[in-house]
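*Asks:* For what it's worth, the UniProt record's numbering labels the leading residue of the sequence shown as 1, then goes sequentially.
One structure is given below, represented as structure tokens, and several questions about it will come after.
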Amino acid sequence: MTNVIRPTFGKGRPEPSAPTSEPIAEYVPLRVYGTVAGFLVALMRDDAGPEGSTLKVVVGPVAGNSVEAVAVYPADGNSEIDAEACGLAVLRALEVVEAGGGANGALGR
């Protein structure tokens with residue numbers, strides 16, 4: 001997912017790099033929003049990233065053991081609500097895709 005916005009939260013822009021999947025075993029999710037269409041959607045906290053302490057909405061295959069960030073927020077008191085909304089939106093989007101409401105389904109008409 002190379003089109004994910006990766007904010008720097010007031011720091012200089014890092015050199016672009018290819019997104020990497022993170023082993024899920026290294027993190028304990030703050031919340032697991034659910035599994036749908038073969039994917040797990042969760043919220044994790046990452047204190048080791050170049051941005052500083054962040055909240056990440058992550059998605060990964062249920063059968064696998066790695067996830068990839070689809071949204072990143074600063075880990076402050078105000079951002080958790082935004083991260084929650086994003087996680088639930090990602091879960092709902094996957095539900096729509098699984099139900100066949102993609103570009104050729106009900107939403108594309």
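Every residue gets a Cβ at the ideal spot worked out from N, C-alpha and C, and that includes glycine.
For G34, report the span of its beta strand (DSSP E) as first-last.
*Replies:* In the sequence shown, the residue the question calls residue 34 occupies position 34. Where G34 is concerned, the enclosing beta strand (DSSP E) stretches over 31-36.
*Asks:* Helix, strand or coil for D76? Go by DSSP, reduced to three states.
*Replies:* By one-based count along the sequence shown, residue 76 stands at place 76. The answer is coil: DSSP assigns D76 none of H, G, I, E or B.
*Asks:* So, is G60 buried or exposed, given that buried needs 16 or more other C-beta atoms within 10 angstroms?
*Replies:* Taking the first residue of the sequence shown as 1, we reach residue 60 at position 60. Buried: at least 16 other Cβ atoms inside 10 Å.
*Asks:* On the criterion of 16 or more Cβ atoms from any shown chain inside 10 Å, does V72 qualify as buried, or is it exposed?
*Replies:* Sequence index remark: in the sequence shown, residue 72 carries index 72 (1-based). Buried, because 16 or more other Cβ atoms sit within 10 Å of the Cβ of V72.
*Asks:* Helix, strand or coil: how does DSSP classify V28 here?
*Replies:* In the sequence shown, counting from the first residue as 1, residue 28 sits at position 28. Correct three-state label for V28: coil.
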